[in-house]
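As structure tokens, the structure follows; a few thoughts come after it.
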Amino acid sequence: MTVQDTRVRPFDEAALAEAAALILAGQPVAVPTETVYGLAADATDGEAVARIYAAKGRPSFNPLIVHVPDLAAAAALGEFDGPARELAERHWPGPLTLVVPLRAGAPVASLVTAGLPTVALRVPAHPAMQALLMATATPLAAPSANRSGRISPTRAEHVLASLAGRIPLILDAGPTERGLESTIVAVGGGLRLLRPGPIDIPGAVPAGAGAIEAPGMLGSHYAPTRPVRLHAGERRAGEWLIGFGAVGGDDNLSPSGNLEEAAANLFAALHRADAQPVRGIAVAAVPDHGLGQAINDRLRRAAADRE
Ligand code: TXA
Ligand code: MG
11 MTVQDTRVRP
21 FDEAALAEAA
31 ALILAGQPVA
41 VPTETVYGLA
51 ADATDGEAVA
61 RIYAAKGRPS
71 FNPLIVHVPD
81 LAAAAALGEF
91 DGPARELAER
101 HWPGPLTLVV
111 PLRAGAPVAS
121 LVTAGLPTVA
131 LRVPAHPAMQ
141 ALLMATATPL
151 AAPSANRSGR
161 ISPTRAEHVL
171 ASLAGRIPLI
181 LDAGPTERGL
191 ESTIVAVGGG
201 LRLLRPGPID
211 IPGAVPAGAG
221 AIEAPGMLGS
231 HYAPTRPVRL
241 HAGERRAGEW
251 LIGFGAVGGD
261 DNLSPSGNLE
271 EAAANLFAAL
281 HRADAQPVRG
291 IAVAAVPDHG
301 LGQAINDRLR
311 RAAADRE
């Protein structure tokens, strides 16, 4: 996380062009949607997505919502069966997020889905976010543009108060209309309400407090089936070693010890390890600062799930 100058620019063509250039260079940019201001980054670029987490100072990885310009773009990334398509046609563009199976080979960074086989998709109605999607021509991952644990921003000045010095640019298009994050519904085996929001979906069954897929619930994350051993300095018999920095291995999260690169590689590395004909997975120590805290949180859970 490098300290940087955060500029607030009124949303116009020049500001949009700058925002698009930053996003295509792998930087996160704050942009209004009809719900709250989002912190958007290229969803196909794991390191760009890692910078969202770094800026928010989030101590863990939640799967993120991917924003796309229309249903056709959504259907390129996720599988839309009858019910999902019906909901999308009725409510998009608008504040509804649909969790659907991730399409095989879809170019979505595994850090976006936290390694899950599903993806959360939404077509936003706000002209600024729509314009940014058109200008970048890439799907945009965007959680609310606030420091982790703070309230969601509905004005550019809220974003600035929370993220000044941590992101390069905030597009300012005034207060958001809805002021509340999108409704999230998981489709498949009936409709499950993962997060209530501006749109009421009749027939969606609330996942309920403590349910595994409620917002931010970490139980929904991908967990390896093999035992995971942390802070490994070397490979023991029957293990697959995921290295970091100087600790080499069968795989390495980041040979140069870069935490953004390590975060971007984390879930793919766990999947690869889990697919090996080995008894266990060992992982080298990752420094516990900045993004390293989120990486270590996820690794502790991966290890604990098998205890
Ligand atoms: O209104 C909104 O939706 C705002 C604006 C910026 O668009 N975005 C937003 O995104 O709230 P985000 O990334 O913070 O929402 C993440 C939540 C997760 O905590 C989780 O509840 C759900 O979306 N989610 C994402 N992917 C999921 C998945 N594959 N399975 C289950 N839930 C998922
Ligand atoms: Mg939020």
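Position 155 (the sequence shown) corresponds to 165 in the working numbering; numbering is contiguous.
Just so it is clear, CB atoms sit at the ideal spot from N, CA and C, and this is done for glycine as well.
(message) Looking at the strands, I want to know which residues DSSP matches up with Ser70.
(response) By 1-based counting over the sequence shown, the position of residue 70 is 60. Answer is none; Ser70 lacks a bridge partner.
(message) For Val41, report the span of its alpha helix (DSSP H) as first-last.
(response) Along the sequence shown, one-based indexing puts residue 41 at 31. Where Val41 is concerned, there is no enclosing alpha helix (DSSP H), although the beta strand (DSSP E) it sits in stretches over 39 to 42.
(request) List the residues that DSSP assigns as beta-bridge partners of Asn306. (result) The residue given as residue 306 occupies position 296 in the sequence shown. Answer is none; Asn306 lacks a bridge partner.
(message) Rounded to the nearest angstrom, what separates Gly302 and Ala27 at their Cα positions?
(response) Position 292 of the sequence shown holds residue 302. Position 17 of the sequence shown holds residue 27. The straight-line gap separating the alpha-carbon atoms of Gly302 and Ala27 is approximately 32 Å.
(request) Could you give the DSSP three-state label for Val59: helix, strand or coil? (result) Start at 1 with the first residue of the sequence shown, and residue 59 comes out as number 49. In the three-state reduction of the DSSP assignment, Val59 falls in the helix class, which pools H, G and I.
(message) Please list the terminal residues of the continuous beta strand (DSSP E) segment that includes Pro20.
(response) The count along the sequence shown starts at 1 and reaches residue 20 at position 10. From DSSP, the beta strand (DSSP E) with Pro20 extends over 17 to 20.
(request) Check each candidate in Ala35, Leu309, Ile33 and name the one with the smallest Cα separation from Tyr232. (result) Here the question's residue 232 lines up with position 222 in the sequence shown. When the alpha-carbon of Tyr232 is set against those of Ala35, Leu309, Ile33, the nearest one is in Leu309.
(request) Return the chain-ordered ranges of every alpha helix (DSSP H) run that is complete within the segment 224 to 311 and spans a minimum of 4 residues. (result) Counting only runs that start and end inside the segment 224 to 311, the alpha helix (DSSP H) elements of at least 4 residues fall at 269 to 284.
(message) Within a Cβ cutoff of 8 Å, which residues of the same chain sit near Pro79, ignoring the five residues on either side of it in sequence?
(response) By 1-based counting over the sequence shown, the position of residue 79 is 69. Counting only Cβ-Cβ distances below 8 Å, and skipping sequence neighbours, we find Val133, Gln140, Leu143, Met144.
(message) Under 8 Å: does the beta carbon of Pro206 sit that close to some heavy atom of the ligand TXA?
(response) As a working note, residue 206 is residue 196 in the sequence shown. Because no heavy atom of the ligand TXA lies under 8 Å away, the Cβ of Pro206 does not count as near it: no.
(request) Tell whether a beta-carbon distance below 9 Å holds between Asn275 and Ser264. (result) Your numbering for residue 275 matches position 265 in the sequence shown. Your numbering for residue 264 matches position 254 in the sequence shown. Cβ atoms of Asn275 and Ser264: closer than 9 Å.
(request) Figure out for me which residue from Ala247, Ala217, Ala196, Gln286 has the closest Cα to the Cα of Pro93. (result) The sequence position of residue 93 within the sequence shown is 83, counting from 1. Out of Ala247, Ala217, Ala196, Gln286, Ala196 has the C-alpha closest to the C-alpha of Pro93.
(message) Below 8 Å, how does it come out for the segment 61 to 75 and the segment 37 to 48: are there three or more Cβ pairs, yes or no?
(response) Contact between the segment 61 to 75 and the segment 37 to 48 is present, because at least three Cβ pairs lie under 8 Å.
(message) Run through the DSSP bridge pairs and tell me what Leu26 is partnered with.
(response) Along the sequence shown, read from residue 1 onward, the residue named residue 26 stands at position 16. Its beta-bridge partners do not exist; DSSP assigns none.
(request) Measure the CB-CB distance between Val122 and Pro69 and report whether it falls below 9 Å. (result) If you number the sequence shown from 1, residue 122 lands on position 112. If you number the sequence shown from 1, residue 69 lands on position 59. Note that the C-beta distance between Val122 and Pro69 is not below 9 Å.
(message) For His136 and Arg282, I'd like the C-alpha separation in whole angstroms.
(response) Locating residue 136 in the sequence shown gives position 126, counting from the first residue. Locating residue 282 in the sequence shown gives position 272, counting from the first residue. Looking at the two C-alpha atoms, the distance is approximately 38 Å.
(request) Using the DSSP secondary-structure output, state which residues sit across from Thr107 in a beta bridge. (result) The residue labelled residue 107 in the question sits at position 97 within the sequence shown. Residue pairing by DSSP places Thr107 opposite Ile194 in a beta bridge.
(message) I need the straight-line Cα distance from Gly290 to Leu126, nearest angstrom please.
(response) Indexing the sequence shown from 1 puts residue 290 at position 280. Indexing the sequence shown from 1 puts residue 126 at position 116. Cα to Cα, Gly290 sits roughly 21 Å from Leu126.
(request) Identify whether Leu126 lies in helix, strand or coil by the three-state DSSP scheme. (result) Position 116 of the sequence shown, counting from 1, holds the residue named residue 126. Reduced to three states, the DSSP call for Leu126 is coil.
(request) Would you tell me roughly how many angstroms separate the C-alpha atoms of Asp261 and Ala295, rounded to the nearest one? (result) Translated into positions along the sequence shown, residue 261 becomes position 251. Translated into positions along the sequence shown, residue 295 becomes position 285. One alpha carbon belongs to Asp261, the other to Ala295, and they sit about 14 Å apart.
(request) Determine, using beta carbons only, whether Pro163 and Ala155 come nearer to each other than 9 Å. (result) Within the sequence shown, numbered from 1, the residue matching residue 163 stands at position 153. Within the sequence shown, numbered from 1, the residue matching residue 155 stands at position 145. Taking 9 Å as the cut-off, the beta carbon of Pro163 is found closer than this to the beta carbon of Ala155.
(request) Answer with buried or exposed for Asp55, where buried requires no fewer than 16 other C-beta atoms within 10 angstroms of its C-beta. (result) Counting from 1 along the sequence shown, the entry for residue 55 is found at position 45. Answer is buried; the Cβ neighbour count reaches 16.
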